[in-house]
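Here the sequence shown is numbered in UniProt numbering, starting from 1 and rising by one per residue. The beta carbon of each residue, even a glycine, is placed where N, CA and C say it ideally should be.
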Amino acid sequence: MNSKKHILLVGPTDDYYKKSLQCNALVSILTEKWRLSDYQSNSCNNILIVDFNNIEELILVVLESHKIHPFDCVFSFTELGTVPSGIISSMLDIPGPSLFCSLICRDKFRTRELTGSNLLSKINYKLIENQSGIIDFVEIHGFPVVIKPRDGMGSHSVSINYNLHDALENYKEGYLIESFAPGKEFSCETFSINGQHYIIAVTEKVLGGLSGVVEVGHKVVSKKHIDHSLKLWINGVLNNIQLRDGVAHIEFKKDNENFHFIECHNRPGGDRIWQLVELATGFDLIRSTINLFLGNNVQVPNFDNRCSEIVYFDFISGIVTDVKHPFERTPEWVRWYEWKAKEGVEIKPMTDSFDRYGGFIIEANNEHELEARKILIMKEVEVVTIENI
């Protein structure tokens, strides 16, 4: 009989799955057919395929598998896997994400209700029921306003609106309307152990794309953004969403001394932020969460930050006719890259985090060196496009 503990990993990417294989445990995957990669299919001995939206099917499949080989813990590091993980953890009474926390984080309206009622967020907001709701909101609070799905992700269908015509054009029933928050945008990556919260890193965000709200870059530069006021505010957010263990990702803006809450998640930040954090701090958010749920001792050390950054290319839309890039032979400080802008490919306007055609991750000892390395790479990148007629 195998003495290793048994992990149920829900909806993983290959990166997250590979991390789990490093944790001296047996790994089963619960995922959807369209998510399953060739790598997972060829390397995992127990794969459960379900529709995450079919809760009855999900429960029955997990219960049957649990009878044969019981799971010791369950978790997900992807957006659509957090609620199924919370359901399974609650149902089987095994370590995993809080179901309450998962449900709150998947619903931006519920998150606003919770943080707003506890004075952690001062942004005006309202659920849109009809056009009159938009008109009433802007008459009271003015422009600009943000309109977005309450369960959206990857900046999909998020818009900043400066006039009534655009706002009415972009709304759908059940969307959320908010006052546009001033200030610079950040995200905070945290790790919690039995309700004790640690700020691991703060990332500066670079926004762009067609809507102006698509994340086209993230940068971890130092601990300069981490002060006592941020720690108190982050603790308040995490306590209110009832997150006690593992990784979390909180997005906010800071305007002078005011924090403006955007959203939060009981998972790592997307866009490979987990890798940026690991490069800059040495702390592995993914394996630490897995080990914590496995019952292993996990400690958060004091560390001095290095710097890391991810840059996504925001090319001019059109048909690609010529390209140049430096990724055939990259320096060792380029830790990841992706290139999709090949000749003949149509570059579409970047409207969300899924409309991307490449990017890269770099690391450095300080912010000056980081910027110099980014400039060096960008000088070697060229994509020529012609209008698609």
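Supposed contact pair residue j and residue i - C-beta distance, whole angstroms, cut 8 angstroms
{"i": "His249", "j": "Gly269", "result": "4 angstroms"}
{"i": "Val247", "j": "Thr289", "result": "5 angstroms"}
{"i": "Ile135", "j": "Tyr171", "result": "About 11 angstroms separates the two Cβ atoms, so there is no contact after all."}
{"i": "Cys307", "j": "Asn258", "result": "Contact flag wrong, Cβ pair sits at about 27 angstroms."}
{"i": "Phe252", "j": "Thr115", "result": "Not quite, the Cβ-Cβ distance comes to about 10 angstroms (not below 8 angstroms), so this is no contact."}
{"i": "Ile362", "j": "Val334", "result": "6 angstroms"}
{"i": "Ala201", "j": "Val277", "result": "5 angstroms"}
{"i": "Ile199", "j": "Ile234", "result": "6 angstroms"}
{"i": "Ile7", "j": "Cys73", "result": "6 angstroms"}
Straight-line gap, residue i to residue j (C-alpha atoms, nearest Å)
{"i": "Phe186", "j": "Asp38", "result": "35 angstroms"}
{"i": "Asn240", "j": "Pro97", "result": "15 angstroms"}
{"i": "Asn118", "j": "Ser132", "result": "28 angstroms"}
{"i": "Thr292", "j": "Ile226", "result": "One point to set straight first is that residue 292 is Leu, not Thr, in the sequence displayed. Between Leu292 and Ile226, the C-alpha separation is close to 24 angstroms."}
{"i": "Cys101", "j": "Thr82", "result": "9 angstroms"}
{"i": "Lys223", "j": "Ile273", "result": "16 angstroms"}
{"i": "Met91", "j": "Val345", "result": "47 angstroms"}
{"i": "Lys33", "j": "Ile140", "result": "46 angstroms"}
{"i": "Ile347", "j": "Lys184", "result": "29 angstroms"}
{"i": "Gly208", "j": "Val214", "result": "5 angstroms"}
{"i": "Phe109", "j": "Cys264", "result": "12 angstroms"}
{"i": "Arg287", "j": "Leu21", "result": "9 angstroms"}
{"i": "His165", "j": "Lys231", "result": "40 angstroms"}
{"i": "Glu332", "j": "Arg373", "result": "11 angstroms"}
{"i": "Asp314", "j": "Asn130", "result": "34 angstroms"}
{"i": "Glu189", "j": "Leu285", "result": "9 angstroms"}
{"i": "Asn163", "j": "Val138", "result": "9 angstroms"}
{"i": "Thr351", "j": "Tyr175", "result": "17 angstroms"}
{"i": "Ser121", "j": "Gly236", "result": "11 angstroms"}
6 angstroms CB neighbourhood of residue i in its chain, flanking five on each side removed
{"i": "Lys340", "result": "Tyr357 and Gly358"}
{"i": "Thr31", "result": "Gly11"}
{"i": "Ser157", "result": "Pro149"}
{"i": "Ser159", "result": "Ile147, Asn170 and Ser211"}
{"i": "Gly282", "result": "Phe303"}
Burial state of residue i, where buried means 16 or more other Cβ atoms lie within 10 Å
{"i": "Lys4", "result": "exposed"}
{"i": "Gly212", "result": "exposed"}
{"i": "Gln40", "result": "buried"}
{"i": "Lys126", "result": "buried"}
{"i": "residue 391", "result": "Outside the displayed range of the chain (1 to 389) lies residue 391, so it cannot be described from this structure."}
{"i": "Ser229", "result": "exposed"}
{"i": "Leu63", "result": "exposed"}
{"i": "Val84", "result": "Per the sequence shown, the amino acid found at residue 84 is Pro instead of Val. Label assigned to Pro84: buried."}
{"i": "Ile68", "result": "exposed"}
{"i": "Gln196", "result": "exposed"}
{"i": "Asp304", "result": "exposed"}
{"i": "Lys254", "result": "buried"}
Contact set for residue i: own chain, Cβ-Cβ below 8 angstroms, skip 5 residues either direction
{"i": "residue 392", "result": "Outside the modelled stretch of the chain, which goes from 1 to 389, sits residue 392, for which no answer is possible."}
{"i": "Asp51", "result": "Glu32, Glu57 and Leu58"}
{"i": "Ile123", "result": "Arg112, Gly116, Glu178, Ser179, Ala181, His260 and Phe261"}
{"i": "Leu99", "result": "Val83, Gly86, Ile87, Ser89 and Ser90"}
Sequence-distant residues of its chain with Cβ nearer than 7 angstroms to residue i (five each side left out)
{"i": "Leu386", "result": "In the sequence under discussion, the amino acid at residue 386 is Ile, which differs from the Leu named in the question. Gly318, Ile319 and Thr321."}
{"i": "Asp107", "result": "Arg150 and Asp151"}
{"i": "Lys219", "result": "Thr203, Glu204 and Glu309"}
{"i": "Ile104", "result": "Arg110, Thr111, Leu114 and Ile241"}
Check whether the region 318 to 326 and the region 376 to 386 touch, using three or more Cβ-Cβ pairs below 8 angstroms as the test. yes
I'd like to know if the region 11 to 24 and the region 72 to 88 are in contact, where contact means that at least 3 CB-CB pairs between them fall below 8 angstroms. yes
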